[in-house]
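*Asks:* Numbering (the working numbering), first residue to last: 25 to 429.
(1) Work out the CA separation of residue 340 and residue 242 for me, nearest whole Å.
(2) Helix, strand or coil for residue 183 per DSSP?
(3) With a CB to CB cut of under 8 Å and the five nearest residues on each side skipped, what residues in its chain are close to residue 380?
(4) Report the option in 104, 28 and 73 whose CA atom is closest to the CA atom of residue 261.
(5) Please identify the residue among 41, 68, 102 and 420 whose C-alpha is closest to the C-alpha of residue 236.
(6) Comparing alpha-carbon positions, which option in 163, 94, 324 and 132 lies nearest residue 305?
(7) Once the 5 residues before and after residue 170 are set aside, which same chain residues still bring their CB inside 7 Å of it?
(8) Could you tell me the distance, in whole angstroms, from the CA atom of residue 162 to the CA atom of residue 143?
(9) How far does the alpha helix (DSSP H) with residue 165 in it reach, from first residue to last?
(10) Give the C-beta separation of residue 301 and residue 78 to the nearest angstrom, bearing in mind that I take them to be a contact with Cβ-Cβ under 8 Å.
(11) If you draw a straight line from the C-alpha of residue 214 to the C-alpha of residue 191, how long is it?
(12) Where does residue 287 sit, in a helix, a strand or coil, going by DSSP?
(13) Taking DSSP as the reference, what is the three-state secondary structure of residue 344?
(14) Round the Cβ separation of residue 346 and residue 323 to the nearest angstrom and send it over; I've been treating them as touching at under 8 Å.
(15) Looking only at C-alpha atoms, which of 205, 311, 405 and 90 sits nearest to residue 224?
(16) For residue 188, which beta-bridge partners are listed by DSSP?
(17) In its own chain, which residues sit with a C-beta less than 6 Å from the C-beta of residue 254, not counting the 5 before and 5 after it?
(18) Could you check whether the segment 55 to 67 touches the segment 303 to 320, counting it as contact only if at least three pairs of C-beta atoms, one from each stretch, sit closer than 8 Å?
(19) Ends of the alpha helix (DSSP H) at residue 268?
(20) My output table needs one value for residue 199: the three-state DSSP class, helix, strand or coil.
(21) Going along the chain, which residues of its own chain have a beta-carbon closer than 8 Å to the beta-carbon of residue 153, five neighbours each way excluded?
(22) Below 8 Å on the Cβ atoms is my contact criterion, and I expect residue 179 with residue 167 to pass it. Report the Cβ-Cβ distance as a whole number of Å.
(23) Is the Cβ of residue 120 closer than 8 Å to any Cβ of chain D?
(24) Quick one: complete alpha helix (DSSP H) runs, 4+ long, within the segment 97 to 124?
(25) Exposed or buried, which one is residue 197 when buried takes at least 16 other CB atoms within 10 Å?
(26) Going by DSSP, what residue range makes up the beta strand (DSSP E) through residue 404?
(27) Go through its chain and collect everything with a Cβ distance to residue 29's Cβ below 7 Å, but skip five positions before and after it.
(28) Mind checking which residues open and close the alpha helix (DSSP H) that includes residue 280?
(29) Using a 10 Å radius around the Cβ and a threshold of 16 neighbouring Cβ atoms, would you call residue 293 buried or exposed?
(30) State the DSSP-derived secondary structure class of residue 87, mapped to helix, strand or coil.
(31) How long is the line joining the alpha carbons of residue 268 and residue 295, rounded to whole angstroms?
(32) Does DSSP classify residue 353 as helix, strand or coil?
(33) Taking only the alpha-carbon atoms, compute the straight-line gap between residue 124 and residue 297 and give it to the nearest angstrom.
(34) Using 8 Å as the Cβ pair cut-off and three pairs as the minimum, do the segment 268 to 288 and the segment 67 to 76 touch?
(35) Quick one: grab the DSSP three-state call for residue 411.
(36) If distances are taken between C-alpha atoms only, which option among 360, 120, 369 and 378 comes closest to residue 259?
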């Protein structure tokens, strides 16, 4: 389907809303995206016409719901380029997926073993590994970030050794927008016999993904940043790695047999999906993928970068403006500060003009410390954002700079 931003915007009812009497300019897509009518209707239709629990019934609606749920799993597999639907585990989101991996590897990480992450990681890809430091005596190493926001690849390569058990890196930073060369890094990790985890939360909605081509062992994504619902995400794992992982939760569905003396686990992916899953959310994620993939990802990427670049060109004319992260390879995330102003104050002023941005640490405290700042304002652009909205951002930031100077 051809790319027409006004036609796309018409599919998002919430974008017609006014904030403080101004037309909404929603520029907080790195935190969460809005939902198109197709996703809202798909979830509502399932609940109104054919809802039951999955995998546990022989009646018609149970079978229909199971088919829709497992169909969504296949859509995720196809979207990520996974070899089989069985390589996809449904989770609550990318945070749970990363925790599942870290917990599942508990038996394989011990005292002195090294886990490599980077200074640009989201807390969701830091805290679970600290559990191994606290409980097992594992060592966490942080790959430095260069002044332009790019990853120090030479430092990363030198860190990887026979002691390395896990390398877990973000594909695209939620603050800097930096796109890390995952495919280039993968052979270094493999050569050391380590496990390669990729946090694809931002990347999955801004570039085509093929997990087999990337060469990672695990890839995590979430639904609500892909124009889908909250409460649903997915973990891709190679077949060998999913067999190695310990289950994260215990209960129904993830078990094959339960005896007084022992238990046997179900096969992946069901081994990791204890209890009633987020059925409607999974179906909503499948609908979001159907909706998103009708457009050319290259056109989406170029459109988002055009809006980002237009906004940046205007913001650079503001004397107090400071961009955080200008790596050669980056997506449409624009983190910035105004000298002498707190990011929270900037965001509140922008809101008065109907411009929605995020302000704070963005769950990246080590990154904030790396750049010697406490917080940033962040505008992040998606498929439905326009050059006019970029102009409105610039004008609102100019007003904030004048007011806060």
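Virtual Cβ for every residue (Gly too), placed ideally from N, Cα, C. Keep in mind that this is a model prediction, so the values were computed, not measured.
*Replies:* In short:
(1) 38 Å
(2) helix
(3) 43, 48, 49, 50, 51, 52 and 374
(4) 104
(5) 102
(6) 94
(7) 176
(8) 18 Å
(9) From DSSP, residue 165 is part of no alpha helix (DSSP H) but of the beta strand (DSSP E) over 163 to 167.
(10) 7 Å
(11) 10 Å
(12) strand
(13) coil
(14) Incorrect: roughly 31 Å between the Cβ atoms, too far for contact.
(15) 205
(16) 138
(17) 248
(18) yes
(19) 263 to 268
(20) coil
(21) 126, 139, 141, 162, 164, 190 and 192
(22) 6 Å
(23) The chain labelled as chain D is not found in the depicted structure, where only one protein chain is given.
(24) none
(25) buried
(26) 400 to 404
(27) 327, 408 and 410
(28) No alpha helix (DSSP H) holds residue 280; the beta strand (DSSP E) holding it covers 279 to 282.
(29) buried
(30) helix
(31) 11 Å
(32) coil
(33) 11 Å
(34) no
(35) helix
(36) 120
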